[in-house]
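Participant: I'd like to ask some things about the structure below.
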Amino acid sequence: MKEGLHPESYRLVAFKDMSNGDVFITRSTISTKDTIEIDGTTYPLAKMDISNTSHPFYTGKSNLVDTAGRVDKFNSRYGNRKK
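Using the working numbering, the first residue of the sequence shown is number 649, and each one after it goes up by one.
See the structure below:
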């Protein structure tokens with residue numbers, strides 16, 4: 649790798665999905681205060697609310713919205729107001 653290309657703080661960081669506990673390690677420059685030990689190695693820990701392992705789009709557990717039903721409900725409630 650070319651010298652001086654990445655910042656000084658570019659290092660391995662563990663990212664933890666707090667909704668399901670999944671942890672993955674990648675390189676980042678994020679500053680963290682917490683650490684985690686994985687397989688005997690201590691990594692800086694970045695906590696996330698959601699990741700690709702818990703997001704409904706990636707897991708296939710997304711709810712389909714019945715837009716046709718909503719349109720019918722709106723029309724039946726308010727109808728044609730141009731009378």
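All residues carry an ideal CB built from backbone N, CA and C; glycine is no exception.
Taking the CB atoms as reference points, tell me whether Asn668 and Ser702 lie closer together than 8 Å.
Facilitator: Translated into the one-based positions of the sequence shown, residue 668 becomes position 20. Translated into the one-based positions of the sequence shown, residue 702 becomes position 54. Yes, the Cβ-Cβ distance between Asn668 and Ser702 is below 8 Å.
Participant: Grouping DSSP H, G and I as helix and E and B as strand, with all else coil, what is Lys650?
Facilitator: What you label residue 650 is simply residue 2 of the sequence shown in a count that begins at 1. Here Lys650 sits in coil by DSSP.
Participant: Let me confirm a value: Val661 is counted as buried when at least 16 other C-beta atoms fall within 10 Å, else exposed. Which label applies?
Facilitator: Taking the first residue of the sequence shown as 1, we reach residue 661 at position 13. Taking all protein chains shown into account, Val661 has 16 or more neighbouring C-beta atoms within 10 Å of its C-beta and is therefore buried.
Participant: State the Cα-Cα distance for the pair Thr683 and Gly727, rounded to the nearest angstrom.
Facilitator: Position 35 of the sequence shown, counted from the first residue, corresponds to residue 683. Position 79 of the sequence shown, counted from the first residue, corresponds to residue 727. Spanning the two alpha carbons is a distance of roughly 59 Å.
Participant: Kindly give me the distance between the Cβ atoms of Asp665 and Met696, rounded to whole angstroms, as I take these residues to be in contact under 8 Å.
Facilitator: If you number the sequence shown from 1, residue 665 lands on position 17. If you number the sequence shown from 1, residue 696 lands on position 48. At roughly 5 Å, the Cβ-Cβ gap stays under 8 Å, so Asp665 and Met696 are in contact.
Participant: What first and last residue would you give for the beta strand (DSSP E) that runs through Met696?
Facilitator: The residue labelled residue 696 in the question sits at position 48 within the sequence shown. From DSSP, the beta strand (DSSP E) with Met696 extends over 689–696.
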